[in-house]
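One structure is given here, and the rest of the page talks about it.
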Amino acid sequence: MKSFKSKKSKALLTCLAVVMIVSILCLTLAGCKKPLAGETPLGVYFVGDFQKDVAAEDLAKITKEGEKIYGIEYALAQAGIDKDKEPAKAAAAIYATAVTNYNNITQTGYYVLTDAKVSARGALAGKDVNVGIRSTYSSFTGKNGSFSQTVSGVTQLDGIGPVGDTLRGNFGYNIQSFNNDTFSAFRRGSNGGAQFPTEANDKNVYKYILGAYNSSLSKVVRGDKLDIKPADKAATEPDLPEYVPAAGAKYADNSTLKGKLLPEFNPNRNAWEPLNRIPARQWVYTKDGKRTDKVEEIYNVVEGTRYSCGTYGAGFAVYDFSRPEYLSNDTVVSYNSDLDLWTVEVKILKEYVDQACEFAAGDLIKDTKSYIGLKDASFTKIEVKIEVYGSGLIKSMQKRDELSTNKECPLTILPPNKCTKGGVTSNTATMAFSYSDNDTDANRLAALYWPELGENSIFKNKKVSTSLKLDLSGYDKMSTYEPKVNETLMASFNNIFAKKK
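As numbered in the working numbering, residues 263 to 763 make up the sequence shown, in order.
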């Protein structure tokens, strides 16, 4: 998941070290217990056409040339699966079909809001340190290019005394990017400062993507925090070669799966068959910056443990629920004929949790290693619900998971302290999808959240031709934007987080 990243300056680290010492000397380790971020309203997941199905005639228009979109009933029939008698097989086929279909659409939009918690046990004078992180990530691709935004911040810093409430504003990761056939642009806001308003304190909450914003993003108009490149200079690397693992390949001995066989790779798979494991990879460069013809996998090593990164064919698909042998027959598959909606509540067999959640673990480790470094962590909780329309398009995905270790590990947010009793990183996340022209229009999103791309000034500041600027005339600006929430669809949503706190 693209969720809670953090960049810290040397000055901030120095500040933290001083605060840590003061906190210990003053014995103010009780922490700040009050809530530091309000509840994000459910309506942010139902703005515009998000979570709406797509009519057959419209779906045909946005299907990639030469590809097909498979409905769920068709997929189950082709696989010869009885959903009532074989729920694990049905769930695996539904998930695989939805991920495959997502890749065969020309315009897609999804966003995810994540609330994470990092708990460092026995970290400061034997006390626990708890960090809460809220993150919003969004990605849109359509006929006018691509737009993405990440807004994240620390909502709780508990266990270092009253100063935690002040210091939490120094962490965060706030970026925007835009790409089309002509140019690419990227900007980064300041650390911290992320705002997560609620209906009660901001009537404009639905104007922001997932109800979150960072005011410093709108102030980035020049300098190192802003990058604009013409299209011919934006891409410096050729596409990576297709990934095909060797027959009988195994996981690395220092990985969380310690030498087990990689899942079978099938280049000719049907849409409803097990997805292929695709690790994150990159070109290998020499020390003097020259690209070689070698490719290496991208992974994170924390305290000697290797955590792999990658997907199962789509950016959001970091779980492998497509192999029925991983799933228990306690998995629930249900169908709502009124909405033409399939719902899958995944239950993973204990012995296959590490395989099914390999890349999900990598994501959690990657996004929390700036706070804590977990050694030999394993899943202690996993709960996932997926909604897929009968058309085969994924509607939403919710998850709750937790990685834990009892081994001593570093508290990287306050070096050189260690978590003497181990630590936990956990998160809850809700993801919503859309495929409409309006929601996936990168120009419309730029007009709302990066209007400077339609002006001359930043192009001149970066010494790039002003002919690259976007034509944003005819699009809503923030002052005129009136987002609509689909109240009917929201009322039928089964929110797993509302039931279990």
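Note that beta-carbon positions come from the ideal geometry of N, C-alpha and C, so glycine has one too.
The structure presented is a predicted model; accordingly, all values stated were derived computationally and were not measured.
Review point. In whole angstroms, what is the alpha-carbon distance linking residue 420 and residue 673?
Key: Position 158 of the sequence shown holds residue 420. Position 411 of the sequence shown holds residue 673. Taking the straight line from one Cα to the other gives about 13 angstroms.
Practice item. Could you pull out every residue in the same chain whose Cβ sits closer than 8 angstroms to the Cβ of residue 460, ignoring the five residues on either side in sequence? Key: Here residue 460 is taken as the residue at index 198 of the sequence shown, counted from 1. Result list for residue 460: 300, 301, 302, 303, 467 and 473, in chain order.
Exercise for review: Can you give me the Cβ contacts of residue 488 inside the same chain, cut-off strictly under 6 angstroms, excluding the 5 residues immediately before and after it?
Suggested key: Within the sequence shown, numbered from 1, the residue matching residue 488 stands at position 226. Answer for residue 488: 449 and 482, listed in chain order.
Point to revise | Cβ distance (whole Å) where residue 631 is taken to contact residue 688 below 8 angstroms | key: As a first step, residue 631 is located in the sequence shown; it is residue number 369 there, counting from the start. As a first step, residue 688 is located in the sequence shown; it is residue number 426 there, counting from the start. About 15 angstroms separates the two Cβ atoms, so there is no contact after all.
Review point. On the premise that residue 586 lies in contact with residue 354, defined as a C-beta separation below 8 angstroms, what is that separation, rounded to the nearest angstrom?
Key: Taking the first residue of the sequence shown as 1, we reach residue 354 at position 92. Taking the first residue of the sequence shown as 1, we reach residue 586 at position 324. Yes, residue 354 and residue 586 are in contact; Cβ-Cβ is about 4 angstroms, under 8 angstroms.
Practice item. Go through the segment 359-412 residue by residue and report every complete run of the beta strand (DSSP E) that reaches 3 residues or more, in order. Key: 370-386 and 389-404
Point to revise | First through last residue of the alpha helix (DSSP H) which encompasses residue 542 | key: As a first step, residue 542 must be located in the sequence shown, where it is residue number 280. Note, residue 542: premise wrong, no alpha helix (DSSP H); not H, not E.
Review point. What does a CB cutoff of less than 6 angstroms around residue 283 pick up in its chain, not counting 5 residues either side in sequence?
Key: Your numbering for residue 283 matches position 21 in the sequence shown. Because residue 283 sits at a pLDDT of 29, beneath the cut-off of 50, its placement in the model cannot be relied upon, and the point is left open.
Exercise for review: For residue 501, count neighbouring C-beta atoms within 10 Å of its own C-beta (all shown protein chains included) and say buried if the count is 16 or more, exposed if not.
Suggested key: Working through the sequence shown from its first residue, we reach residue 501 at position 239. Looking at its Cβ environment, which holds fewer than 16 other Cβ atoms inside 10 Å, residue 501 is exposed.
Check your understanding: In terms of residue numbering, what span does the beta strand (DSSP E) encompassing residue 439 cover?
Key -> Start at 1 with the first residue of the sequence shown, and residue 439 comes out as number 177. It spans 437-441 - the beta strand (DSSP E) in which residue 439 sits, taken as one unbroken run.
Check your understanding: Is residue 604 near the ligand NAP, in the sense that its beta carbon is under 6 angstroms from a heavy atom of that ligand?
Key -> As presented, the structure is devoid of all ligands, the ligand NAP included, so that no description of it is given.
Review point. Helix, strand or coil: which one does DSSP assign to residue 751?
Key: Counted from its first residue, the sequence shown places residue 751 at position 489. Reduced to three states, the DSSP call for residue 751 is helix.
Exercise for review: Taking only the alpha-carbon atoms, compute the straight-line gap between residue 789 and residue 479 and give it to the nearest angstrom.
Suggested key: Here the chain comprises residues numbered 263 to 763, so residue 789 is not present and cannot be evaluated.
Check your understanding: Using the beta-carbon count (16 or more within 10 Å), is residue 454 buried or exposed?
Key -> Taking the first residue of the sequence shown as 1, we reach residue 454 at position 192. Counting Cβ neighbours within 10 Å, residue 454 comes out buried, since at least 16 surround it.
Practice item. Assign residue 598 to one of three DSSP states: helix, strand, or coil. Key: Residue numbering aside, residue 598 sits at position 336 when the sequence shown is read from its first letter. Residue state, collapsed to three classes: strand.
Check your understanding: Just how far apart, CA to CA, sit residue 681 and residue 638?
Key -> By 1-based counting over the sequence shown, the position of residue 681 is 419. By 1-based counting over the sequence shown, the position of residue 638 is 376. Taking the straight line from one Cα to the other gives about 14 angstroms.
Check your understanding: Taking the alpha-carbon positions, what's the residue 297 to residue 418 distance?
Key -> Position 35 of the sequence shown, counting from 1, holds the residue named residue 297. Position 156 of the sequence shown, counting from 1, holds the residue named residue 418. Residue placement at residue 297 is poorly supported in this model, since its pLDDT is 40, which falls under 50; the coordinates are not used for a value here.
Practice item. Determine the extent of the beta strand (DSSP E) in which residue 562 is found, giving its start and end residues. Key: Taking the first residue of the sequence shown as position 1, residue 562 is located at position 300. Looking at the DSSP string, the run of the beta strand (DSSP E) that includes residue 562 is 561-564.
Exercise for review: Just confirm the distance between the C-beta atoms of residue 401 and residue 410, as a whole number of angstroms; I'd bet it's less than 8 angstroms.
Suggested key: For the purposes of this step, residue 401 is identified with residue 139 of the sequence shown, where counting begins at 1. For the purposes of this step, residue 410 is identified with residue 148 of the sequence shown, where counting begins at 1. Their Cβ separation, rounded to whole angstroms, is 5 angstroms, which keeps residue 401 and residue 410 in contact under 8 angstroms.
Point to revise | Every unbroken beta strand (DSSP E) within the segment 635-708, with a cutoff of 3 residues, ordered by chain | key: 640-651, 656-667 and 685-696
Review point. Do you know offhand how far residue 722's Cα is from residue 728's?
Key: Counting from one through the sequence shown, the residue named residue 722 turns up at place 460. Counting from one through the sequence shown, the residue named residue 728 turns up at place 466. Cα to Cα, residue 722 sits roughly 7 angstroms from residue 728.
Review point. Between residue 326 and residue 370, is the Cβ-Cβ spacing less than 7 angstroms?
Key: Numbered from its first residue, the sequence shown carries residue 326 at position 64. Numbered from its first residue, the sequence shown carries residue 370 at position 108. Cβ distance not < 7 angstroms, so residue 326 and residue 370 don't count as in contact.
Practice item. Quick one: measure Cβ to Cβ for residue 711 and residue 340, integer angstroms, because I've assumed they're closer than 8 angstroms. Key: To locate residue 711, count along the sequence shown from 1; it is residue 449. To locate residue 340, count along the sequence shown from 1; it is residue 78. About 42 angstroms; that fails the 8 angstroms criterion.
Check your understanding: Would residue 558 pass as a contact of residue 541 if the rule is Cβ separation under 7 angstroms?
Key -> For this step, residue 558 is matched to residue 296 along the sequence shown. For this step, residue 541 is matched to residue 279 along the sequence shown. Taking 7 angstroms as the Cβ cut-off, residue 558 and residue 541 do not qualify as a contacting pair.
Review point. Does DSSP put residue 334 in a helix, a strand or coil?
Key: Numbered from its first residue, the sequence shown carries residue 334 at position 72. Looking at residue 334 - three-state DSSP - the assignment turns out to be helix.
Check your understanding: What number of angstroms, rounded off, separates the C-alpha of residue 699 from the C-alpha of residue 661?
Key -> As a working mapping, residue 699 is identified with position 437 in the sequence shown. As a working mapping, residue 661 is identified with position 399 in the sequence shown. So the alpha carbons of these two residues sit roughly 28 angstroms apart.
**Study point:** Classification of residue 317 by the beta-carbon crowding that lies within 10 angstroms, buried from 16 upward
**Key:** Here residue 317 refers to the residue found at position 55 when the sequence shown is read from its first residue. Its Cβ having fewer than 16 others within 10 Å, residue 317 is exposed.
Review point. Since residue 420 sits in a beta bridge, which residues does DSSP pair it with?
Key: What you label residue 420 is simply residue 158 of the sequence shown in a count that begins at 1. Looking at the DSSP assignment, residue 420 forms a beta bridge with 392.
Practice item. Measure the Cβ-Cβ separation of residue 376 and residue 576 and say whether it is below 7 angstroms. Key: The residue given as residue 376 occupies position 114 in the sequence shown. The residue given as residue 576 occupies position 314 in the sequence shown. Contact: no.
Practice item. Starting from residue 722, follow its DSSP beta bridges and name the residues at the other end. Key: Looking up residue 722 in the sequence shown gives position 460. Answer is none; residue 722 lacks a bridge partner.
**Study point:** Range covered by the alpha helix (DSSP H) that runs through residue 509
**Key:** Working through the sequence shown from its first residue, we reach residue 509 at position 247. Residue 509 -> no alpha helix (DSSP H), and no H or E assigned at all.
Practice item. Could you say which of 706, 383, 748 and 758 lies nearest to residue 735 if we only look at CA atoms? Key: Indexing the sequence shown from 1 puts residue 735 at position 473. Nearest C-alpha to residue 735: 706.
**Study point:** Beta-carbon proximity list for residue 713, same chain, < 7 angstroms, skipping 5 on both sides
**Key:** Position 451 of the sequence shown, counted from the first residue, corresponds to residue 713. Closer than 7 angstroms at Cβ, skipping near neighbours: 734 and 739.
**Study point:** residue 718 versus residue 494: straight-line alpha-carbon distance, rounded
**Key:** By 1-based counting over the sequence shown, the position of residue 718 is 456. By 1-based counting over the sequence shown, the position of residue 494 is 232. The alpha-carbon atoms of residue 718 and residue 494 are separated by roughly 20 angstroms.
**Study point:** Local conformation of residue 317 per DSSP, three classes
**Key:** Numbered from 1 along the sequence shown, position 55 holds the residue referred to as residue 317. Looking at residue 317 - three-state DSSP - the assignment turns out to be coil, as it is neither helix nor strand.
Point to revise | With 16 other Cβ atoms within 10 Å as the buried cut-off, status of residue 775 | key: In this structure the chain extends from 263 to 763, so residue 775 is not present and cannot be described.
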